[in-house]
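Trainee:
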Amino acid sequence: GYDLQSYKVLHAGALKSATINCSQPKVTPSSGGVTVPLHNRHGPCSPVPSTKAPTLEEMLRRDQLRAAYITRKYSGVKGGAGDVEQSDVTVPTTLGTSLGTLEYLITVGIGSPAMTQTMLIDTGSDVSWVQCKPCSQCHTQADSLFDPSSSSTYSAFPCSSSACAQLRRSHQGNGCSSRSQCQYIVKYGDGSSGTGTYSSDKLVLGSSTVKNFQFGCSQSESGNLLKDQTDGLMGLGGGAQSLATQTAGTFGKAFSYCLPPTTGSPGFLTLGAATSGFVKTPMLRSSQVPAYYGVRLQAIRVGGKQLSIPTSVFSAGSIMDSGTIITRLPATAYSALSSAFKAGMKQYPPAQPMGIFDTCFDFSGQSSVSIPTVVLVFSGGVAVNLASDGIILGSCLAFAANSDDSS
Amino acid sequence: LGIIGNVQQRTLEVLYDVGGGAVGFKAGAC
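Quick note, the sequences are listed as chains S and B, same order. Whatever position you read off the first sequence (first residue = 1), add 5 for the working numbering. Whatever position you read off the second sequence (first residue = 1), add 1418 for the working numbering.
Written out as structure tokens, the structure reads:
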């Protein structure tokens, strides 16, 4: 029932990094924008290659924590909890950190003279931070610790500053130090946290410089937070403290990124309006959870055929998240997708489920594999034809279901 | 609530046009 236009062909090894090419893609942001390279943190192009990359199974277990955390945040809003950051969240810490799913890095310079810092990007949080000297309880990192005392442009926010007041309003203030310096706290889904002094300094992004960039100077971390070689995290959320919000006046209220398909290829992050060629769907926002950017999925096509899914199933909307690995669908939508995909994969024997994946196949002995196309259709009829990397992971359909349509 | 994860975003350029209130997608960007 499918025509050839409705299939993609994967060749053996296509799901692995067959070729390493770390050169920077040529990207032309509109005038006034800036682009920096972006790499997978585990691969050969990473500025801080992992000494021990997690297995796919472990990454999927961490991913489930992050997805559950995002869902709980909205559940808190729905229940009128208001301060969702303070909602009672209990997650098994032995499974790792929800932040551990973050996979993409950029390299920036902070301070005068600029000190190189390699930071994870995260569209799901706002406060950026780097580990600072002295750091009493921090993880090891590949680059030198950022040393505020060596930067001529560094300053700590006093507790009376408007930036500190804004931080308190977004429930990320953490009191005052004995020197009346504003303290921040970031908390993540597994109970991990980081604290330090809310500060500002010069930020170098590619060929551009941002003066008075606000960030957290991390002096203490607890839990399983970011046990790797990275130096910190760059928040790209929609809240007041994020890099995107801070630079809106300089580069414009827009940013874009391209996440590379393999660990051995490069991507990019652009601040400022990108060039043309996009299909666009309305962005959904929540004043209660300002960090997240939402979209409304309205249909799914498999092998060129639209699945029979009531649009009401998608009414809650979907979060665009750079940190969650696997797309989560309402249960009814996932069931329809899985059934249609299996129907288009009849030539391959089924395989055992793996973690959150339950639609898996046995590709052993295959030199190439044909898979049905998968198109996500967003509000306004915007159709996004997924790359093969976005359809199959390992040997499984790379989607997962929420526990029910209402979650 | 759904979540569009990073596996599905790979190779696309994903534009967060906050000022314009839109999310954009461009295929084959990297």
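Glycine included, C-beta positions come from ideal geometry on N, C-alpha and C.
Looking at B/N1424 and S/S327, is the spacing between their C-beta atoms short of 8 Å?
Mentor: For the purposes of this step, residue 327 of chain S is taken as the residue at position 322 of the first sequence. For the purposes of this step, residue 1424 of chain B is taken as the residue at position 6 of the second sequence. Yes; because the gap between Cβ atoms is below 8 Å, this pair is in contact.
Trainee: Counting only beta-carbon separations shorter than 8 Å, does S/L302 have a partner in chain B?
Mentor: Numbered from 1 along the first sequence, position 297 holds the residue referred to as residue 302 of chain S. Closer than 8 Å: yes.
Trainee: Anyone know if the C-beta pair for S/I331 and S/A403 falls short of 8 Å?
Mentor: In the first sequence, residue 331 of chain S corresponds to position 326, counting from 1. In the first sequence, residue 403 of chain S corresponds to position 398, counting from 1. Yes; because the gap between Cβ atoms is below 8 Å, this pair is in contact.
Trainee: Let me confirm a value: S/S417 is counted as buried when at least 16 other C-beta atoms fall within 10 Å, else exposed. Which label applies?
Mentor: A question about residue 417 of chain S goes unanswered here, because the residues of chain S that appear run from 6 up to 412.
Trainee: Look at S/Y79 and B/L1419 and say whether their C-beta atoms are less than 8 Å apart.
Mentor: Along the first sequence, one-based indexing puts residue 79 of chain S at 74. Along the second sequence, one-based indexing puts residue 1419 of chain B at 1. Note that the C-beta distance between S/Y79 and B/L1419 is below 8 Å.
Trainee: Using alpha carbons as the reference points, say which of B/K1444, B/V1436, B/G1446 and B/A1445 lies closest to S/A296.
Mentor: Taking the first residue of the first sequence as position 1, residue 296 of chain S is located at position 291. When each option's Cα is compared against that of S/A296, the closest is B/V1436.
Trainee: Report the three-state DSSP secondary structure of S/V96 (helix, strand or coil).
Mentor: Indexing the first sequence from 1 puts residue 96 of chain S at position 91. Legend: pLDDT at S/V96 = 31, less than 50; position of this residue unreliable, value from coordinates given subsequently. If DSSP states are grouped into helix, strand and coil, S/V96 belongs with coil.
Trainee: Tell me, please, whether the CB atom of S/T329 is closer than 8 Å to any CB atom in chain B?
Mentor: Within the first sequence, the letter at position 324 stands for residue 329 of chain S. It does: the Cβ of S/T329 has a partner Cβ on chain B nearer than 8 Å.
Trainee: Mapping the DSSP letters down to three states, classify S/K138 as helix, strand or coil.
Mentor: One-based indexing of the first sequence puts residue 138 of chain S at position 133. Coil, per DSSP.
Trainee: Would you call S/N407 buried or exposed, if buried means 16 or more other Cβ atoms sit within 10 Å of its Cβ?
Mentor: Indexing the first sequence from 1 puts residue 407 of chain S at position 402. Buried is the call here.
Trainee: Please decide whether S/K13 counts as near chain B, where near means a Cβ-Cβ distance under 8 Å.
Mentor: Residue mapping note: residue 13 of chain S aligns to position 8 of the first sequence, counting from 1. Chain B contact via Cβ: absent.
Trainee: Taking only three categories from DSSP, how would you classify S/V374?
Mentor: Walking along the first sequence from the start, residue 374 of chain S turns up at place 369. S/V374: strand per DSSP, three-state reduction.
Trainee: Just list the residues that DSSP pairs S/Y109 with in beta bridges.
Mentor: The residue labelled residue 109 of chain S in the question sits at position 104 within the first sequence. Paired residues: S/N45.
Trainee: Got a sec? Which residues, its chain only, sit under 7 Å from S/S185 by beta carbon, not counting five neighbours each side?
Mentor: Residue numbering aside, residue 185 of chain S sits at position 180 when the first sequence is read from its first letter. So the list reads P163 and C164, once near-sequence residues are dropped.
Trainee: Output yes if chain B places a C-beta closer than 8 Å to the C-beta of S/M64; else output no.
Mentor: One-based indexing of the first sequence puts residue 64 of chain S at position 59. For S/M64, the answer is no, since every Cβ of chain B falls outside 8 Å of its Cβ.
Trainee: Do S/L276 and S/I126 have their CB atoms nearer than 8 Å?
Mentor: As a working mapping, residue 276 of chain S is identified with position 271 in the first sequence. As a working mapping, residue 126 of chain S is identified with position 121 in the first sequence. Cβ atoms of S/L276 and S/I126: not closer than 8 Å.
Trainee: CB-CB under 7 Å to S/F346, same chain, minus the five flanking residues each way: which ones, in chain order?
Mentor: If you number the first sequence from 1, residue 346 of chain S lands on position 341. Within the same chain, and ignoring the five residues on either side of S/F346 in sequence, the residues whose Cβ sits closer than 7 Å to its Cβ are V307, T364, P377 and L402.
Trainee: Measuring only between beta-carbons, confirm whether S/M325 sits less than 8 Å from chain B.
Mentor: Start at 1 with the first residue of the first sequence, and residue 325 of chain S comes out as number 320. By this cut-off, S/M325 is an interface position.
Trainee: Using a Cβ cut-off of 9 Å, which residues of the region 245–268 of chain S contact any Cβ in chain B, in chain order?
Mentor: A249, T250, A253, G257, K258, A259, F260, S261, Y262, C263, L264, P265, P266 and T267
Trainee: To test your reading of the DSSP string, which unbroken alpha helix (DSSP H) runs of 4 or more residues are found completely within the region 205–288 of chain S?
Mentor: 248–251 and 253–256
Trainee: According to DSSP, is S/A58 helix, strand or coil?
Mentor: Locating residue 58 of chain S in the first sequence gives position 53, where the first residue counts as 1. S/A58: coil per DSSP, three-state reduction.
Trainee: Which chain B residues sit within Cβ distance under 9 Å of S/K285?
Mentor: Taking the first residue of the first sequence as 1, we reach residue 285 of chain S at position 280. Contact note: S/K285 reaches chain B through L1433, D1435, G1438, A1440, V1441, G1442 and F1443, using a C-beta cutoff of 9 Å and chain order.
Trainee: Give the interface partners of S/A345 over in chain B, defined as CB-CB distance under 7 Å, in chain order.
Mentor: Translated into positions along the first sequence, residue 345 of chain S becomes position 340. Under the 7 Å cutoff, chain B gives no residues; its nearest Cβ is about 16 Å from S/A345.
Trainee: Apart from the five residues just before and just after S/L381, which ones in its own chain have a Cβ nearer than 7 Å to its Cβ?
Mentor: Position 376 of the first sequence, counted from the start, is the residue given in the question as residue 381 of chain S. L302, I305, V389 and L391.
Trainee: Quick one: is S/T60 buried, meaning 16 or more other Cβ sit within 10 Å of its Cβ, or exposed?
Mentor: Within the first sequence, the letter at position 55 stands for residue 60 of chain S. With fewer than 16 Cβ atoms within 10 Å of its Cβ, S/T60 is classed as exposed.
Trainee: Quick one: which unbroken beta strand (DSSP E) runs of 3-plus residues sit fully inside the region 355–409 of chain S? Chain order, please.
Mentor: 373–377, 379–383, 387–390 and 404–406
Trainee: Note the first and the last residue of the continuous alpha helix (DSSP H) segment covering B/F1443.
Mentor: In the second sequence, residue 1443 of chain B corresponds to position 25, counting from 1. Counting along the chain, B/F1443 falls outside any alpha helix (DSSP H), though it belongs to the beta strand (DSSP E) covering A1440 to K1444.
Trainee: List the whole-angstrom C-beta distance separating S/V39 from S/F256, where the pair is believed to meet the contact cut-off of C-beta under 8 Å.
Mentor: Along the first sequence, read from residue 1 onward, the residue named residue 39 of chain S stands at position 34. Along the first sequence, read from residue 1 onward, the residue named residue 256 of chain S stands at position 251. Their Cβ separation, rounded to whole angstroms, is 6 Å, which keeps S/V39 and S/F256 in contact under 8 Å.
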